[in-house]
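Number of protein chains: 2
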Amino acid sequence: MRDLAKEITKGKHRAIARAISLVENNWSNAQEMMKKIFPYTGKSVIVGITGVPGSGKSTLVDQMLGPLRKNRKKIGIVAVDPSSPFSGGAILGDRIRMMRHSIDPDIFIRSMATRGHLGGLARATGEAIAILEAAGKDLILVETVGVGQDEVEVVKLADVVLVVLVPGAGDDIQVFKAGIMEIADIFILNKADSPGTEKTEKQLKAMLELGLKKEHMPPVIKTVATEGKGTGLLLREIDKFIAGSDQDFLARRKKRLISWMLRDIINEKIYQAVIQNIHDSEIGDFVEKIYQREVDPYTVADNIIKKLKRV
Amino acid sequence: MRDLAKEITKGKHRAIARAISLVENNWSNAQEMMKKIFPYTGKSVIVGITGVPGSGKSTLVDQMLGPLRKNRKKIGIVAVDPSSPFSGGAILGDRIRMMRHSIDPDIFIRSMATRGHLGGLARATGEAIAILEAAGKDLILVETVGVGQDEVEVVKLADVVLVVLVPGAGDDIQVFKAGIMEIADIFILNKADSPGTEKTEKQLKAMLELGLKKEHMPPVIKTVATEGKGTGLLLREIDKFIAGSDQDFLARRKKRLISWMLRDIINEKIYQAVIQNIHDSEIGDFVEKIYQREVDPYTVADNIIKKLKRV
Numbered sequence: 000m001r002d003l004a005k006e007i008t009k010g011k012h013r014a015i016a017r018a019i020s021l022v023e024n025n026w027s028n029a030q031e032m033m034k035k036i037f038p039y040t041g042k043s044v045i046v047g048i049t050g051v052p053g054s055g056k057s058t059l060v061d062q063m064l065g066p067l068r069k070n071r072k073k074i075g076i077v078a079v080d081p082s083s084p085f086s087g088g089a090i091l092g093d094r095i096r097m098m099r100h101s102i103d104p105d106i107f108i109r110s111m112a113t114r115g116h117l118g119g120l121a122r123a124t125g126e127a128i129a130i131l132e133a134a135g136k137d138l139i140l141v142e143t144v145g146v147g148q149d150e151v152e153v154v155k156l157a158d159v160v161l162v163v164l165v166p167g168a169g170d171d172i173q174v175f176k177a178g179i180m181e182i183a184d185i186f187i188l189n190k191a192d193s194p195g196t197e198k199t200e201k202q203l204k205a206m207l208e209l210g211l212k213k214e215h216m217p218p219v220i221k222t223v224a225t226e227g228k229g230t231g232l233l234l235r236e237i238d239k240f241i242a243g244s245d246q247d248f249l250a251r252r253k254k255r256l257i258s259w260m261l262r263d264i265i266n267e268k269i270y271q272a273v274i275q276n277i278h279d280s281e282i283g284d285f286v287e288k289i290y291q292r293e294v295d296p297y298t299v300a301d302n303i304i305k306k307l308k309r310v
Numbered sequence: 000m001r002d003l004a005k006e007i008t009k010g011k012h013r014a015i016a017r018a019i020s021l022v023e024n025n026w027s028n029a030q031e032m033m034k035k036i037f038p039y040t041g042k043s044v045i046v047g048i049t050g051v052p053g054s055g056k057s058t059l060v061d062q063m064l065g066p067l068r069k070n071r072k073k074i075g076i077v078a079v080d081p082s083s084p085f086s087g088g089a090i091l092g093d094r095i096r097m098m099r100h101s102i103d104p105d106i107f108i109r110s111m112a113t114r115g116h117l118g119g120l121a122r123a124t125g126e127a128i129a130i131l132e133a134a135g136k137d138l139i140l141v142e143t144v145g146v147g148q149d150e151v152e153v154v155k156l157a158d159v160v161l162v163v164l165v166p167g168a169g170d171d172i173q174v175f176k177a178g179i180m181e182i183a184d185i186f187i188l189n190k191a192d193s194p195g196t197e198k199t200e201k202q203l204k205a206m207l208e209l210g211l212k213k214e215h216m217p218p219v220i221k222t223v224a225t226e227g228k229g230t231g232l233l234l235r236e237i238d239k240f241i242a243g244s245d246q247d248f249l250a251r252r253k254k255r256l257i258s259w260m261l262r263d264i265i266n267e268k269i270y271q272a273v274i275q276n277i278h279d280s281e282i283g284d285f286v287e288k289i290y291q292r293e294v295d296p297y298t299v300a301d302n303i304i305k306k307l308k309r310v
């Protein structure tokens, strides 16, 4: 385990992969390693990307990699995948598309599933980010494959949040819930060679002017990711955003991530303590009694917690 | 609060709505009510429906309501909505579509968001189901708006699980992860008047034959929900499935739901105890120390839990 932490700080991809798997599959055993690498974390720029499926997020990320690599940036990519049993194909396709970068030793790509009883997505993603930071990545891209609430919450915790839209979805812009407008630091209007681009751009800007204070007006960058158009501009806007943000603002975001992770870690630890201290057979007895309506689950939960406190 | 429980058992819709809101927004205060209604739960048939967005789930549900109501069935509908900020419009449309049934005093329709730090979807959905059971609903339809892992897990806990597919998505059937094939008790091939219906049906059946043991082969029902075609057959298949299932099998599913709910309730209770016993300012101090890399979040979590145990 000590070796794993050391290998991570040397930037070894095999160690990063093993560490993320450990965090996902054997969390209790991952903690010594996480404690060891923790002092090396907190120094990377974290870029979050979200947007409707099919908006071209992965192609955009793919196109950003070239220029970033030219500037010798070391990059980590975490694709947060809600594990929809229906979307396996698309995700696989995205991963394959990025394969041409995957042999580059300075780009690490990993998709993470939202799994487990607890959600715990903030924790798992936070830990993957921490591992990549300790491995010396300059830039970490967190891409959400889905757009569920959880994924949006996670992306919100990045230093800069990109929201990808496409033209033609214009009529739907109105229905966006308020949340999405507020999380974007930069809007990307991808597939900007399609008909309806101008209309969608106008609608978006009109909405932004209505809904937001002028000083927070996020830029709208038009891209055609499949041709690499606009990605240079996008990268400059990201730099500008990071450079232009006051340090307190960025610190506040990083602290919010820490605060979320901390709560998730507390939860996971308590949960595991509950699981370890209650035998399955005992849970089974309780479930049987609840099933027979001899007792309600709230009373049972109170009793189990009381017992746990005595441990 | 005593009155609310009483009003629920009388089947009053206003009481059901208030109770579900209480469960969602003020869980601690909902527990007395939940304990009181608990003895009245466990007697309804729970039908889960999942499938890709746009497959016509809501129209199907809508079309099933007519025949069910003719048989004087009292119905509750819970739409589990992952609160995607991008899908607000569609969901609203679905709800409006069902409006023509919403004035029927024996049909109660409610959408539930997956919210909160804990996931807790099994708990929240389980509690909504329990409230509807106590209110005397004969049949409870649990419809997932999304197809994320959490939603699929929830739908799995129904007595009978319907999975809705559409033709033309044929090429994607191959990519379904194993999970989805196993949870379906009945497959619905909706929009079965579209080209490619036969091809998709063949592919699906071939996959089922490959992947499943013969005795568990779920039927594939073709429907055109917009015209009400096939919904009568679907309802008969549901009856057949429930009648044909051995009682142990159905009991096992109900117990699995209880077991999940119990774990979620324990978690939520412990989490709330943590929150109540640690001041925000204290969390803030810890976060600051973690941010400064003076300490790691795992060590902090252990300290907080130790403190909690002394409470």
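Heads up: the sequence lines are chains P and G, in that order. If you read the first sequence in numbering that gives the first Met the number 0, its first letter stands for residue 0, the second for the next number, and so on. If you read the second sequence in numbering that gives the first Met the number 0, its first letter stands for residue 0, the second for the next number, and so on. Heads up, the beta-carbon is just placed ideally off N, CA and C, and yes, glycines get one too. Nothing here was measured: the structure is a model prediction, and the numbers come from that model.
1. To be precise: take each residue of the stretch 253 to 267 of chain G, compare its Cβ to all Cβ atoms of chain P, and keep it if any distance is under 7 Å. Which residues remain?
2. Pairing CB atoms from the stretch 157 to 166 of chain G with CB atoms from the stretch 295 to 307 of chain G, are three or more of them under 8 Å?
3. If you pair each beta-carbon of the stretch 26 to 35 of chain P with each one of the stretch 190 to 203 of chain P, do three or more pairs fall below 8 Å?
4. Of the residues that make up the stretch 276 to 295 of chain G, which ones have a beta carbon closer than 7 Å to any beta carbon in chain P?
5. Which whole-angstrom value is the C-beta distance of P/ILE220 and P/LEU140, which I expect to be below 8 Å?
6. Can you check which of these residues, P/MET260, P/ILE282 and P/TYR270, is closest to P/ALA123 by C-alpha distance?
7. Identify the continuous beta strand (DSSP E) that holds P/GLY47 and give its terminal residues.
8. Which of the three DSSP states is assigned to G/THR222 in this structure?
9. Helix, strand or coil for G/PRO296? Go by DSSP, reduced to three states.
10. Give the interface partners of P/GLN30 over in chain G, defined as CB-CB distance under 8 Å, in chain order.
11. Please list the terminal residues of the continuous beta strand (DSSP E) segment that includes P/LEU156.
12. Rounding to the nearest angstrom, what Cα-Cα distance links P/GLU287 and G/GLY55 in this structure?
13. Report yes if the CB atom of P/ILE185 is closer than 8 Å to the CB atom of P/ILE237, and no otherwise.
14. Please decide whether G/ILE95 counts as near chain P, where near means a Cβ-Cβ distance under 8 Å.
15. With a threshold of 8 Å between beta carbons, is G/VAL33 in contact with chain P?
16. Straight-line CA distance for P/ARG68 to P/LYS155?
17. With 8 Å set as the bound, which would you pick, yes or no: does the beta-carbon of G/GLY231 sit closer than that to a beta-carbon of chain P?
18. Between P/HIS12 and chain G, is there a C-beta pair that is closer than 8 Å?
19. For G/ARG320, name the three-state secondary structure that DSSP assigns.
20. Quick one: Cα of P/ASP137 to Cα of P/ALA29, how far?
21. Within its chain, find whatever has a CB closer than 7 Å to the CB of P/ALA133; leave out the 5 residues flanking it on each side and keep chain order.
22. Would you give the residue range spanned by the beta strand (DSSP E) that P/PHE186 belongs to?
23. From which residue to which residue does the alpha helix (DSSP H) around P/VAL141 run?
24. Who does P/LEU75 pair with in a DSSP beta bridge?
25. Would DSSP call G/VAL151 helix, strand or coil?
26. Whose C-alpha, out of P/MET206, P/LEU233 and P/ILE106, is nearest the C-alpha of P/LYS72?
27. Quick one: does P/GLY41 have its CB under 8 Å from some CB of chain G?
28. Nearer than 7 Å: is that true of the beta carbon of P/VAL44 relative to any heavy atom of the ligand ATP?
29. Hey, how far is the Cα of P/TRP26 from the Cα of P/PRO218?
30. Starting from P/ALA300, find everything on chain G with Cβ-Cβ shorter than 7 Å and list it in chain order.
31. Within 10 Å of its beta-carbon, does G/GLN291 have 16 or more other beta-carbons around it, so buried, or fewer, so exposed?
32. Report yes if the C-beta distance between P/VAL22 and P/GLU126 is below 8 Å; otherwise report no.
33. Below 8 Å on C-beta distance, what does G/ILE304 contact in chain P?
34. Are there 16 or more other CB atoms within 10 angstroms of the CB of P/ARG251, so buried, or fewer, so exposed?
35. Could you tell me if G/GLU197 is buried or exposed, where buried requires 16 or more neighbouring beta carbons within 10 angstroms of its beta carbon?
36. Can you say whether P/LYS305 is buried or exposed, counting buried as having 16 or more other CB atoms within 10 angstroms of its CB?
Short version:
1. Listed by position, the residues of the stretch 253 to 267 of chain G near chain P (Cβ gap below 7 Å) are LYS253, LYS254, ILE257, SER258, MET260, LEU261, ARG262, ILE264, ILE265 and ASN266.
2. no
3. no
4. Residues of the stretch 276 to 295 of chain G with a C-beta less than 7 Å from any C-beta of chain P: ILE282, PHE285, VAL286, ILE289, TYR290, ARG292 and ASP295, listed in chain order.
5. Wrong, their Cβ atoms sit about 16 Å apart, outside the cutoff.
6. Nearest C-alpha to P/ALA123: P/MET260.
7. 44 to 50
8. G/THR222 falls in the coil class under three-state DSSP.
9. Helix.
10. TYR297
11. Taken as a continuous stretch (DSSP letters only), P/LEU156 belongs to no beta strand (DSSP E), as it is neither H nor E.
12. 37 Å
13. yes
14. Confidence is the limiting factor: at G/ILE95 the pLDDT is only 49, short of 50, which leaves the residue's position unreliable, though a coordinate-based value still follows. By this cut-off, G/ILE95 is not an interface position.
15. Note that residue 33 of chain G is Met in the sequence shown here, rather than Val. So, interface residue.
16. 25 Å
17. no
18. Interface annotation, P/HIS12: not in contact with chain G, CB-CB separation never under 8 Å.
19. Given that chain G is displayed from residue 0 to residue 310, the structure contains no residue 320 of chain G and the question cannot be resolved.
20. P/ASP137 and P/ALA29 have their C-alpha atoms roughly 23 Å apart.
21. ILE7, THR8, ILE36, TYR39 and THR40.
22. According to the DSSP assignment, P/PHE186 belongs to the beta strand (DSSP E) that extends over 185 to 188.
23. Taken as a continuous stretch (DSSP letters only), P/VAL141 belongs to no alpha helix (DSSP H), being part of the beta strand (DSSP E) at 138 to 143.
24. First, the amino acid is wrong: residue 75 of chain P is Gly here, not Leu. BP columns for P/GLY75 point to P/PHE107 and P/ILE139.
25. helix
26. P/ILE106
27. yes
28. By its list of ligands, the structure shown contains no ligand whatsoever, and the ligand ATP lies outside what it can speak to.
29. 40 Å
30. LEU261, ILE264, ILE265 and LYS268
31. Exposed, by the Cβ-count rule.
32. With a cutoff of 8 Å on beta-carbon distance, P/VAL22 and P/GLU126 are scored as near each other.
33. Near G/ILE304 (Cβ distances below 8 Å), the residues of chain P are ILE265, LYS268, ILE269 and ALA272.
34. exposed
35. exposed
36. Its Cβ having fewer than 16 others within 10 Å, P/LYS305 is exposed.
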